[in-house]
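Remember, the numbering used here sits 486 above the position in the sequence shown when you count from 1.
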Amino acid sequence: MSKKRISLESWLGIIALAAISIISLANVVVRYTTNASFAFTEEFSVFLMVVLAFSGAAVAARSNEHIRITLLENYLGLTGRRIVYVLQWLGTLLVLGLVVWYGALLTYEEYSWESLSPGLGYPTWIYLIWLPVLASAIIIRCTQNLFDRLRHGDPQIGEEQ
487 MSKKRISLES
497 WLGIIALAAI
507 SIISLANVVV
517 RYTTNASFAF
527 TEEFSVFLMV
537 VLAFSGAAVA
547 ARSNEHIRIT
557 LLENYLGLTG
567 RRIVYVLQWL
577 GTLLVLGLVV
587 WYGALLTYEE
597 YSWESLSPGL
607 GYPTWIYLIW
617 LPVLASAIII
627 RCTQNLFDRL
637 RHGDPQIGEE
647 Q
């Protein structure tokens, strides 16, 4: 029996989902018992939702579980599928590369302008830094997935080498 190691992105997603659940539940309980609410819940929940979405995307990218249309892949030969795999990866690299670039630029600008969040007054860069970091993680996981698919095929469409 082999042990499957849980990736860092999986742990981030687990922690983000647990934190969202706990602070939302606590906010509901406090609101109904005291007619007041926690000020931080919305700001933290939005931030944690972004972390959850990007960490989940990285996990899905590594395990080749993103939603996609495989009609073309099913009718191509091995060489054609490999070309499609590389084209898919290049498209992903382009889009996520832009997210990394502009996310890093935005994070740097918010840091240099010393912008504060409207709700709690925290520096906004601490929320924004996760965008380029996790987009980079998705790029790394997509690249690992590409190498696996080129080397071993895609078992989801019945391709094995």
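The C-beta atom is built at its ideal place from N, Cα and C for all residues, glycine as well.
Query	Result
Please name the residue, chosen from Phe633, Thr629, Leu498, that lies closest to Thr578 on a Cα-to-Cα basis.	Thr629
Which two residues bound the contiguous alpha helix (DSSP H) that contains Asp486?	Because the chain is modelled from 487 through 647, residue 486 falls outside the range shown and cannot be assessed.
Starting from Gly542, trace the alpha helix (DSSP H) in both directions and tell me its first and last residue.	527 to 548
Report the rounded CA-to-CA distance for Thr593 versus Glu559, giving the unit in angstroms.	38 angstroms
Determine the DSSP secondary structure at Leu602, reduced to helix, strand or coil.	strand
Hey, is the stretch 618 to 636 in contact with the stretch 571 to 589, meaning 3+ C-beta pairs nearer than 8 angstroms?	yes
Please work out which residues of its chain come closer than 8 angstroms, Cβ to Cβ, to Phe526, disregarding the five sequence neighbours upstream and downstream, and give them in chain order.	Ile509, Gly605, Leu606
Nearest to Ser598 by alpha carbon, out of Thr556, Ile612, Val585?	Ile612
Can you tell me which of Pro618, Leu494, Thr565, Phe530 puts its alpha carbon nearest to the alpha carbon of Ala505?	Phe530
In terms of residue numbering, what span does the alpha helix (DSSP H) encompassing Thr519 cover?	494 to 520
Do you know how far the Cα of Tyr561 is from the Cα of Ser496?	34 angstroms
Ignore the nearest five residues each way along the sequence and tell me which others in Leu538's own chain have a CB closer than 6 angstroms to its CB.	Gly499, Ala502, Leu503
Could you give the first and the last residue of the continuous alpha helix (DSSP H) run that contains Glu559?	557 to 561
Select from Leu620, Thr610, Ile492 the residue whose C-alpha is nearest the C-alpha of Ser549.	Ile492
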